[in-house]
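Protein chains in written order, with our numbering: chain A, 5 to 313; chain B, 290 to 663.
Glycine included, C-beta positions come from ideal geometry on N, C-alpha and C.
Here the structure is a predicted model, which is why all the values come from computation and not from measurement.
This report refers to the structure that appears directly beneath it.
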Amino acid sequence: MSGEEGSEKRSRGQRFRDGLTPKRVGLYAVLFGMIGFYLAPLESGLMTSIKSTEAFASTTPFAPPGPEGATIEPWLLAWESLQESLFNLRGSLANSLFFALPATLLSATLGSLAAYGLTKVSWRGQILVFALLIAGVFIPYQAVLVPLRQFWSFIDIASMLTGVPVLEPRADLIELSITHTAYGIPICTVLFRAYYQTLDNDMLEAARIDGASITRIYRRIVLPLSVPMFAVTLIYQFTQIWNDLLFALVIVQSSEFFVVTQELNALQGALVQEYNIQMAGAFIAALPTLVVYIVFGKQFAEGVAGGGT
Amino acid sequence: MAELILDRITKYFDDDGERIVAVDDASIDIADGEFLVLVGPSGCGKSTTLRMIAGLETISEGEIRLDDRVINDQKPQQRDIAMVFQSYALYPHMTVRENMRFGLEESTDLADEEMNSRVEESATMMGIDDLLGRYPRELSGGQQQRVALGRAIVRDPAVFLMDEPLSNLDAKLRSSMRTELQRIQDELGVTTVYVTHDQTEAMTMGDRIAILDDGRLQQVATPLECYHRPKNQFVASFIGEPSMNFFDMRLEGGRLLNEDFDYSLSSRIAETLDTEELVLGIRPEDIELVDGAEGDHDYAAEVLVVEPMGNENSVHLRIGETRFIATVGGMRQIREGETAAVRLPEEAIHLFDRASGEALHNRRLEAQLVEPPV
């Protein structure tokens with residue numbers, strides 16, 4: 005009896021020492037080792053971005069700068085070349101947002117609609133359409149660069165938008181946005197299709213009997229239940245589109261409308277490699293995707309886990 | 290209110306060029322306000338029939354008419370029907386109120402207050418008026434069931450279709466919902482087609498029951514008529530628990546023979562038979578245990594197993610190699626391994642054509658039992 009009471013009253017320190025078996029120590033050592041391994045590049049990048057050029061030359065990459073070598077100047081310089089100033093709508097960050105946001109939203113929405121049509125509505129030839137969409141997932145970017153360039157010289161968005169303010173000068177960005185939308189639809193469709201196949205058919209039939217049409221069922225039943233899957237596709241697509249350089253290089257010609265990945269690329273074009281500015285630029289360029297992850301994180305986890313309803 | 294007529298409806302599916310018949314030439318007239326139960330083993334076509342009425346399946350041949358209006362080509366939403374699904378099929382992202390309002394919003398242009406008052410009225414009827422603000426995931430199975438029914442009632446349709454609505458409930462709840470459903474249907478007087486595989490539900494709930502097997506309609510009649518005057522051997526075996534006993538017999542000189550026993554038929558019955566290969570049927574509760582095997586239809590049988598149910602005992606018996614079941618009163622003392630004297634009274638027997646399964650003779654009855662309902 006008294007022994008049991010004693011064990012309840014044992015201090016945290018005692019319990020900690022009791023749990024300290026060799027196996028546990030080993031496990032934690034491995035875990036911390038892995039954390040260090042994964043975070044090392046990030047940490048090195050961050051440290052590099054806050055060092056002066058001299059400090060970078062004199063210290064190892066992952067070591068923090070000394071008091072005299074620390075500076076935020078690389079961040080300011082990087083920001084300036086990516087965006088010039090905070091509310092300037094002509095910088096590369098703004099350009100990237102201009103094409104990436106619509107492309108992300110459109111590819112997810114169209115993918116969802118296509119998946120709904122392919123799973124919950126029956127019509128002739130849908131297997132063929134789905135097979136084409138699956139094939140679309142596997143076409144590498146590199147394979148379509150030349151036809152893509154030819155396509156956009158054939159279809160001239162700029163002349164269609166002649167005289168339209170804001171949009172006309174950004175015709176290249178619109179082309180880029182459309183390209184990414186088209187390229188993103190197949191994977192979004194496949195993701196949504198897998199999700200819609202798990203939706204209860206009885207429920208959709210109940211809605212039909214309740215008087216709802218196919219479009220009303222989508223809007224009032226399927227769409228609200230798709231929120232977790234939208235989180236998955238929005239995060240995935242935004243990251244893909246935001247980080248893409250290849251299509252931008254092929255489509256965006258005028259340096260005034262360079263997107264952030266192009267501008268980042270240009271940062272290393274100078275004669276002297278300024279690693280600290282490049283690193284700061286990389287962090288700034290990655291910030292929006294980080295924000296998206298944080299905002300949609302919870303739904304993302306739900307969507308990946310396949311739940312949601 | 291409405292009269293629903295299924296006129297020779299047939300449904301076939303194409304399976305790689307092979308035609309699979311799910312429902313074969315079924316005709317049923319369902320009167321205004323009638324509660325018709327479609328019953329049969331799984332895969333018999335009863336759900337397909339219901340889905341054709343709902344408009345969720347196309348009709349391959351035949352016509353479905355609702356008050357003389359052919360509804361074959363009408364979309365589900367135009368048919369003025371409501372359906373209750375086995376899985377309840379509630380909309381998980383909507384509250385109970387929104388679930389019940391959904392049909393009104395989609396199919397009528399009622400004012401907001403009118404919709405709300407109708408939802409509340411139906412909710413009160415189903416006893417779920419205190420759950421209106423909850424989501425389906427916060428409800429028990431029985432409550433979800435009530436919401437599903439309420440969602441159908443609120444639409445005030447011409448026809449209710451119910452696809453095994455009680456089979457996900459536990460046994461106790463199921464029997465109380467059975468009574469309640471009947472009460473509600475009675476109160477509303479809405480024509481109802483109810484699908485089930487459970488013959489107890491069929492017997493207790495239906496004004497009439499339609500028994501399907503392998504896509505073919507076997508019999509449409511009142512529960513008691515199906516029970517006492519089955520049209521064929523399938524109906525006789527499907528309705529009733531434990532099932533009717535069947536013995537393969539040969540008719541020879543006014544007697545029914547098989548390897549283990551023979552059974553003398555009165556000439557009144559024997560004269561009506563024009564085939565020799567027969568099946569003798571008798572329900573377990575019609576078999577009597579007597580003190581000694583003295584009469585013409587008395588036999589000595591070995592007691593194999595006794596299943597006590599409290600109110601009655603199911604006794605598994607054997608004459609030679611022929612096995613059968615009798616149900617006797619629960620107070621009756623009977624032990625396994627004993628020899629018992631059993632009587633198969635002639636007025637209780639059924640005779641079926643062994644080849645076609647058709648009933649040739651049904652038991653004698655007090656006539657009023659099988660009068661069709663008024």
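Contact check, residue i vs residue j, beta carbons under 8 Å
i              : j              : result
residue 319(B) : residue 327(B) : no
residue 49(A)  : residue 59(A)  : no
residue 452(B) : residue 373(B) : yes
residue 370(B) : residue 414(B) : no
residue 621(B) : residue 637(B) : no
residue 294(B) : residue 302(B) : no
residue 337(B) : residue 312(B) : yes
residue 549(B) : residue 610(B) : yes
residue 107(A) : residue 157(A) : no
residue 496(B) : residue 292(B) : no
residue 424(B) : residue 468(B) : no
residue 449(B) : residue 493(B) : no
residue 103(A) : residue 263(A) : yes
residue 95(A)  : residue 105(A) : no
residue 246(A) : residue 173(A) : no
residue 118(A) : residue 193(A) : yes
residue 570(B) : residue 641(B) : yes
Chain A contact residues for residue i, given Cβ-Cβ distances below 9 Å
i              : result
residue 483(B) : Per Cβ cutoff of 9 Å: no residues; residue 483(B) is ~16 Å from chain A at best.
residue 378(B) : 204, 205, 206, 207, 208, 209, 210, 211
Interface partners of residue i on chain A, CB under 7 Å
i              : result
residue 395(B) : 214, 215, 216, 220
Chain B residues whose Cβ lies nearer than 9 Å to that of residue i
i              : result
residue 267(A) : Per Cβ cutoff of 9 Å: no residues; residue 267(A) is ~42 Å from chain B at best.
Spatial neighbours of residue i in its chain, beta-carbon cut-off 7 Å, leaving aside the 5 residues before and after
i              : result
residue 409(B) : 418
residue 284(A) : 53, 78, 79, 82
residue 643(B) : 537, 566, 567, 568
residue 458(B) : 430, 431, 434, 466
residue 259(A) : none
residue 554(B) : 543, 544, 545
Close-in-space but distant-in-sequence residues of the same chain around residue i (CB under 6 Å, 5 per side omitted)
i              : result
residue 663(B) : Residue confidence for residue 663(B) is low, a pLDDT of 44 falling below 50, so the modelled location carries little weight; the figure read from the coordinates is stated next. Correct list: empty, nothing qualifies.
residue 6(A)   : With a pLDDT of only 45 at residue 6(A), under the threshold of 50, the placement of this residue in the model should not be trusted; the figure read from the coordinates follows. Cβ neighbours of residue 6(A) beyond the five flanking positions: none.
residue 228(A) : none
residue 22(A)  : none
residue 8(A)   : Because residue 8(A) carries a pLDDT of 47, less than 50, the predicted location of this residue cannot be relied on, and the following value inherits that uncertainty. Excluding positions up to five away in sequence, the list is empty.
residue 289(A) : 264, 268
residue 199(A) : 233
residue 311(A) : Note that residue 311(A) scores 47 on pLDDT, short of 50, meaning its location in the model is unreliable and no value can be drawn from it.
residue 307(A) : 232, 233, 235, 236
residue 47(A)  : 66
residue 501(B) : 329, 333, 334, 335
8 Å Cβ cut-off: residues of chain A touching residue i
i              : result
residue 535(B) : Correct list: empty, because the minimum Cβ distance to chain A is about 38 Å.
Nonlocal neighbours in the same chain, by C-beta distance under 8 Å from residue i, ignoring five residues either side
i              : result
residue 67(A)  : 51
residue 257(A) : 176
residue 152(A) : 183, 251, 254, 255
residue 178(A) : 103, 161, 165, 171
residue 299(B) : 310, 312, 313, 314, 315, 348, 349, 350, 351
residue 657(B) : For residue 657(B), the predicted structure reports a pLDDT of 49, less than 50, and the residue's modelled location is therefore unreliable. The matter cannot be settled from this model.
residue 63(A)  : 55, 69, 70, 73
residue 346(B) : 300, 337, 340
residue 559(B) : 540, 543
Residue-level contact to chain E via CB, residue i, 8 Å cutoff
i              : result
residue 599(B) : This model lacks chain E altogether, as its protein chains are A and B.
Exercise. Quick one: which residues of the region 363-376 of chain B get their C-beta closer than 9 Å to a C-beta of chain A? List them in chain order.
Key: 364, 365, 366, 367, 368, 370, 371, 372, 373, 374, 375, 376
Practice problem: Taking only beta carbons into account, state which residues of the region 223-236 of chain A come closer than 8 Å to chain B, listed in chain order. | Solution: 224, 225, 228, 229
Quiz item: Can you list, in chain order, the residues of the region 335-346 of chain B whose Cβ is nearer than 9 Å to any Cβ on chain A?
Solution: 340, 343, 344, 345
Quiz item: Of all the residues that make up the region 453-476 of chain B, which are near chain A by a beta-carbon distance shorter than 8 Å?
Solution: none
Quiz prompt | Near-chain A residues of the region 380-414 of chain B (beta-carbon distance less than 7 Å), N- to C-terminal order | solution = 380, 381, 382, 391, 392, 395, 396
Self-check item: Length-filtered (4 minimum) alpha helix (DSSP H) runs lying within the region 380-442 of chain B
Solution: 385-396, 401-415, 430-442
Exercise. Tell me the start and end of each unbroken alpha helix (DSSP H) in the region 186-251 of chain A that is at least 4 residues and wholly inside, in chain order.
Key: 205-213, 218-221, 231-247
Self-check item: Sequence ranges, alpha helix (DSSP H) only - wholly within the region 97-181 of chain A, length at least 4
Solution: 130-141, 149-158, 161-164
Practice problem: Scan the region 275-307 of chain A and note each continuous beta strand (DSSP E) run of 3 residues or more that stays entirely inside, going in chain order. | Solution: none
Self-check item: Length at least 4, wholly inside the region 311-382 of chain B: the alpha helix (DSSP H) runs in chain order
Solution: 335-343
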